[in-house]
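Working notes, beginning with the structure itself.
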Amino acid sequence: MAVRIGVVVFPGSNCDRDTVHALDRAGAEPIVLWHEEASLRGVAAVVLPGGFAYGDYLRAGVIARFSPVMRAIGAFAADGGLVLGICNGFQVLAEAGLVPGALLRNRSLRFLGRDVHIAATRLDTPFTHALAAAGAPLRMPVAHGEGCYFADDATLDALERDGEVLFRYVDEAGHRASEDDRAANPTGSLRAIAGVSNAAGNVAGLMPHPERAAEAILGSEAGAGIIRSLVESAARAARQPVAVAVGAR
Amino acid sequence: MTLAERAVEPLHRRLGVTDDELEAIRDRLGGRDPNDLELAMFSVMWSEHCSYKSSRPLLRTLPTAGKDVVAGPGENAGVISIGDGLAVAFKIESHNHPSAVEPYQGAATGVGGILRDIFTMGARPIAILDALRFGDPADARTRHLVDGVVRGVGGYGNCVGVPTVGGELVFDRSYQGNPLVNVMAIGLLEERRLTLATAGQPGDLVVLFGSATGRDGIGGASVLASATFTDDDPSKRPSVQVGDPFAEKLLIEASLELIERGLVEGLQDLGAGGITCATSETADRAGAGILVDLDAIPRREPGMAPFEVMISESQERMCAAVRADRWPEVREVCTRWGLPVAIIGRVTDDGDLTIVEGGPDEDGHALAPAREIARVPARALTSDAIVHERVASPPTRERPAPAPGVRLGPSDRLPERGMDPGAVLLALLGSANLSSRRTIFEQYDSTVGADTVVGPGHGAAVLRIKGTTKALVATTDGNQSVGRLDPYLAAALSVAEATRNVSITGARPLGVTNCLNYGDPTRPEAFWELREGVRGLADACLALGLPVTGGNVSLYNESPAGAIAPTPEIGVVGLLEDIATLAGPAFRDDGDHVLLLGETTAGLAGSAYVELAGEAAEDGPPALDLGREAALQSFVREAIAHGLVASAQDVSGGGLATALAECAMWGERGADLRVAAGDSPAVGLFGESPSRVVLSAAPGSVPALLRLAEAQGVPATELGLVGGDRLRIELRGAGATGSPEERGSRVADALDVSLADLRLAWDRGLPRALGWED
Chain X
1379 MAVRIGVVVF
1389 PGSNCDRDTV
1399 HALDRAGAEP
1409 IVLWHEEASL
1419 RGVAAVVLPG
1429 GFAYGDYLRA
1439 GVIARFSPVM
1449 RAIGAFAADG
1459 GLVLGICNGF
1469 QVLAEAGLVP
1479 GALLRNRSLR
1489 FLGRDVHIAA
1499 TRLDTPFTHA
1509 LAAAGAPLRM
1519 PVAHGEGCYF
1529 ADDATLDALE
1539 RDGEVLFRYV
1549 DEAGHRASED
1559 DRAANPTGSL
1569 RAIAGVSNAA
1579 GNVAGLMPHP
1589 ERAAEAILGS
1599 EAGAGIIRSL
1609 VESAARAARQ
1619 PVAVAVGAR
Chain E
81 MTLAERAVEP
91 LHRRLGVTDD
101 ELEAIRDRLG
111 GRDPNDLELA
121 MFSVMWSEHC
131 SYKSSRPLLR
141 TLPTAGKDVV
151 AGPGENAGVI
161 SIGDGLAVAF
171 KIESHNHPSA
181 VEPYQGAATG
191 VGGILRDIFT
201 MGARPIAILD
211 ALRFGDPADA
221 RTRHLVDGVV
231 RGVGGYGNCV
241 GVPTVGGELV
251 FDRSYQGNPL
261 VNVMAIGLLE
271 ERRLTLATAG
281 QPGDLVVLFG
291 SATGRDGIGG
301 ASVLASATFT
311 DDDPSKRPSV
321 QVGDPFAEKL
331 LIEASLELIE
341 RGLVEGLQDL
351 GAGGITCATS
361 ETADRAGAGI
371 LVDLDAIPRR
381 EPGMAPFEVM
391 ISESQERMCA
401 AVRADRWPEV
411 REVCTRWGLP
421 VAIIGRVTDD
431 GDLTIVEGGP
441 DEDGHALAPA
451 REIARVPARA
461 LTSDAIVHER
471 VASPPTRERP
481 APAPGVRLGP
491 SDRLPERGMD
501 PGAVLLALLG
511 SANLSSRRTI
521 FEQYDSTVGA
531 DTVVGPGHGA
541 AVLRIKGTTK
551 ALVATTDGNQ
561 SVGRLDPYLA
571 AALSVAEATR
581 NVSITGARPL
591 GVTNCLNYGD
601 PTRPEAFWEL
611 REGVRGLADA
621 CLALGLPVTG
631 GNVSLYNESP
641 AGAIAPTPEI
651 GVVGLLEDIA
661 TLAGPAFRDD
671 GDHVLLLGET
681 TAGLAGSAYV
691 ELAGEAAEDG
701 PPALDLGREA
711 ALQSFVREAI
721 AHGLVASAQD
731 VSGGGLATAL
741 AECAMWGERG
751 ADLRVAAGDS
761 PAVGLFGESP
771 SRVVLSAAPG
781 SVPALLRLAE
791 AQGVPATELG
801 LVGGDRLRIE
811 LRGAGATGSP
821 EERGSRVADA
831 LDVSLADLRL
841 AWDRGLPRAL
851 GWED
């Protein structure tokens, strides 16, 4: 039986349908979780999709974190439940303190919509295990105004030490981008960080959009591995509901 | 006019209603004078923008019929059936004047307005294309406008989650005081969900949902869109609407849910003319009347006068006709999406738009304390609005319209024999109009929706349709530089180019939407340009067998510097039955043969080359043979469907050499080619004669391709082979074989440029022209 994965819809979410489509193709049974729901209806994992939750007024993600569904997600995450935030979903997770760091305005101070390359730093996580190789460049689009990853040096050191940096911006050949490489790391993210997880490893966020690069017809299938990782991890979690996600580390 | 004189000016004139028009209003009111509220409503509805009072007689001449057309002009957007129970809705519209005053909000609300036209039909918006035209890119004001408009398009489109997948950015001196912001939107719907903008039946409720009504955009249609600009006039700023894409996103979802659940009888968005326009148009379409209770309309602020409420163009509002028993569900849907919703009136059977203060009773009759403050026949505001028969006369030119290809004498301004073709190509590729638009479209989300197969930057946009093998292909094209020479030809050329750009992907063009940007129609020369443009549009659509399904007319595009060059902007949507057959412009494989289909003909006027090299006083623009165009497009589609084509690229701005350079750059492989330059290398390499396509094909496919071309009467010329990392074009013919003395010292008889140099010129052209740091 297909594993149930919840896709949260805030007013202003606009990648929810794309995410549902990608999860569906990956063999999951996606269900939509409305922002006012206080229950996650027994899903095995949750995806916070991209968009402009509550219009992103004040600051991206800052209002969404107070919604009823986020309280439920906070409890779910604390129990080891799998949560993936994509783009605006990552911003919401960061604002809610479920993943470390913050997303600042892009270095250009403009919205940026284009393909980038990222690479997973490790494959032993619920969000990356189905990828072919660590360090291999994965081409997929970014589309955001606030995607410059920021944290203080001590936090960044700790993230790197503890393996919480999941994805980095790389060039076409897979070499790690520097912070001032405008071609490969166009948002200016510190230490070229494109995605992180929490310390327990069950909550992760990334700025690029794997769900838009999960079919050959769209020009890249590189994102499919991330989606498939989540679906397989969720299926395992559904069979053994006690924090398998953490165990997978 | 002095302030004192303006103060004693009668109200109707201050509202832009002429004395003749006031007389016509009296006729429609049984001889009585309109009161002030009624006059304000007429002033908006009889504005050029809402009534098409100058252009309506011309627009009637356009071909609109087609076997797959489900909804045509007169509805909010054209709708064409694409099989599988699906249909595509599309339309282009202008927001020129608001964008000149306040570029961010002007452009943003332009996007919002055209998206509402799409989802009002029951279609989910799936793509935006923005066709933008500005003055000199080196000018500080232009740079301010470009930056604001691009941020506005992105700010709105990105937030509502509709990808911006194509469009144009063109610089031309004639837009210096009057930029053009034309936005096209495309939506996809299940045909059975098609919803029309009608008021339903007498007794139905009139429901307003979305944002509350405020004082923004008062007189947008009449003040801004229907008068010539005096200058950057700050007094017009309050007439610009303010957009809220977050509210629009909620409006999209709520509207589509209402339609999906069959809760509305008719749906109309509120744009120009606000509540007055939405209620009178829907009533007129249904042959009904509407009674509006002014007090029931949710306001943003207290103290608004009735006329302000009735003509406000506050954004992100929708008006629905709802059966009374459906109201609780409608209210629930809107409330769940966080949208204010209110019953503001009832559909009646008297044919009048009636405004009361105090509220109607259950039967739609005004209550005792209610006061009727306006009553006008709905049709007087809409289908029976005044029509002006304008005078047209061709402009007196300094010289008679020239014939294409008049033999040029030796001229240092058009250095036929003194040019280095490689340097000219690099200059063209790096020019403000032909260089990469990446700097612009990277500010747009072009991939949200996960349907974008081909996004901006490489010809027509391609969007797959989930759950089918089909794809939609869309493009916009306009041609102002030929427009100022020959407005008839410019319109026909724009249709030819836009449809060709669709055909070279393998898709069949379905229909045409148009945005006709012209000057002040009360000037006979400007009206002549409009009339010629419509004639060209009609002839081209007839010849290519395409219906015009809707569009928009933008007049009064003038500034103190003069009128814009006539700019008929053409949007085309095509259908590709099997996306596996999709052809793109990039060279695909080394060793493939390169062919030119179609014939190169004389005439350089209006070309990018002439813009660079200077005017050739004697020359004219190249002629268009619509029969040849139709044959070429049909051939290309068939060749692609048969799998004979590796790549297909249209020859347009910058001519054959530019088209070849694009195929090479985008395919990351060079080519070794020979081009017959005749007696004019400029025409052969850089001329923009229409009805030409560059194809590449695997060696094994070439014989079949040539046979098909011959059978269909399309001239085909083999140019050479794909391969290497340079674009090399050897010139053949009289123009290239003169003695070195005759040719001049800088002359080359071959063009030989590395791909890296092509790409550098192409990549850096636009940021450099705009002075933007990259």
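Residue numbers (my numbering), protein chains in the order written: chain X, 1379 to 1627; chain E, 81 to 854. Don't be surprised by glycine CBs; every beta carbon is placed ideally from N, CA and C.
By DSSP, does residue i sit in helix, in strand, or in coil?
i              : result
residue 312/E  : Note on residue 312/E: pLDDT 48, under 50, position unreliable in the model; the coordinate value appears next. Correct three-state label for residue 312/E: coil.
residue 1507/X : coil
residue 619/E  : helix
residue 205/E  : strand
residue 1445/X : coil
residue 608/E  : helix
residue 1465/X : coil
residue 1412/X : strand
residue 1379/X : coil
residue 399/E  : strand
residue 262/E  : strand
residue 129/E  : helix
residue 1518/X : strand
residue 713/E  : helix
residue 1470/X : helix
residue 1495/X : strand
residue 1567/X : coil
Between the options, which has its C-alpha nearest residue i's C-alpha?
i              : options                        : result
residue 244/E  : 277/E, 543/E, 631/E, 688/E     : 543/E
residue 271/E  : 753/E, 173/E, 158/E            : 158/E
residue 393/E  : 321/E, 460/E, 438/E, 332/E     : 321/E
residue 624/E  : 572/E, 728/E, 596/E            : 572/E
residue 620/E  : 423/E, 593/E, 554/E            : 593/E
residue 861/E  : 251/E, 798/E, 93/E, 601/E      : As shown, chain E starts at 81 and ends at 854. That puts residue 861/E outside it, with no answer to give.
residue 390/E  : 364/E, 123/E, 658/E, 769/E     : 123/E
residue 417/E  : 1414/X, 1407/X, 1408/X, 1394/X : 1414/X
residue 891/E  : 358/E, 185/E, 645/E            : Chain E is shown only over 81 to 854; residue 891/E falls outside these bounds and no answer can be derived.
residue 1384/X : 1391/X, 1390/X, 1403/X, 1412/X : 1412/X
residue 1618/X : 1458/X, 1442/X, 1591/X, 1531/X : 1458/X
residue 1574/X : 1548/X, 1551/X, 1549/X, 1543/X : 1543/X
residue 738/E  : 768/E, 725/E, 517/E            : 768/E
residue 226/E  : 248/E, 240/E, 679/E            : 248/E
residue 539/E  : 528/E, 527/E, 553/E            : 553/E
residue 671/E  : 595/E, 790/E, 805/E, 541/E     : 805/E
Taking just the CA atoms, how far does residue j sit from residue i?
i              : j              : result
residue 618/E  : residue 566/E  : 15 Å
residue 1476/X : residue 1486/X : 27 Å
residue 681/E  : residue 600/E  : 35 Å
residue 381/E  : residue 335/E  : 25 Å
residue 1609/X : residue 1416/X : 23 Å
residue 464/E  : residue 254/E  : 35 Å
residue 825/E  : residue 810/E  : Since pLDDT at residue 825/E reaches only 40, below the 50 mark, its modelled position is unreliable, and the value read off the structure follows with that caveat. Distance between the alpha carbons of residue 825/E and residue 810/E: 18 Å.
residue 781/E  : residue 137/E  : 50 Å
residue 368/E  : residue 450/E  : 22 Å
residue 1491/X : residue 1524/X : 12 Å
Contact check, residue i vs residue j under 8 Å by CB: the rounded distance?
i              : j              : result
residue 508/E  : residue 689/E  : 7 Å
residue 330/E  : residue 1389/X : 6 Å
residue 1442/X : residue 1381/X : Incorrect: roughly 25 Å between the Cβ atoms, too far for contact.
residue 1514/X : residue 1500/X : Actually they are not in contact, since the Cβ atoms of residue 1514/X and residue 1500/X sit about 12 Å apart, beyond 8 Å.
The segment 333 to 353 of chain E in contact with the segment 200 to 217 of chain E per 3-pair CB rule at 8 Å: yes
Below 8 Å, how does it come out for the segment 138 to 149 of chain E and the segment 221 to 234 of chain E: are there three or more Cβ pairs, yes or no? no
Could you tell me whether the segment 172 to 185 of chain E touches the segment 601 to 609 of chain E, where touching means 3 or more Cβ pairs closer than 8 Å? Short answer: they don't touch.
The segment 1519 to 1537 of chain X / the segment 1560 to 1571 of chain X touching (three or more Cβ pairs under 8 Å): yes
Evaluate the contact criterion for the segment 546 to 564 of chain E versus the segment 284 to 293 of chain E: three or more CB pairs, one atom per stretch, below 8 Å. Counting C-beta pairs closer than 8 Å gives fewer than three between the segment 546 to 564 of chain E and the segment 284 to 293 of chain E, which falls short of the contact rule.
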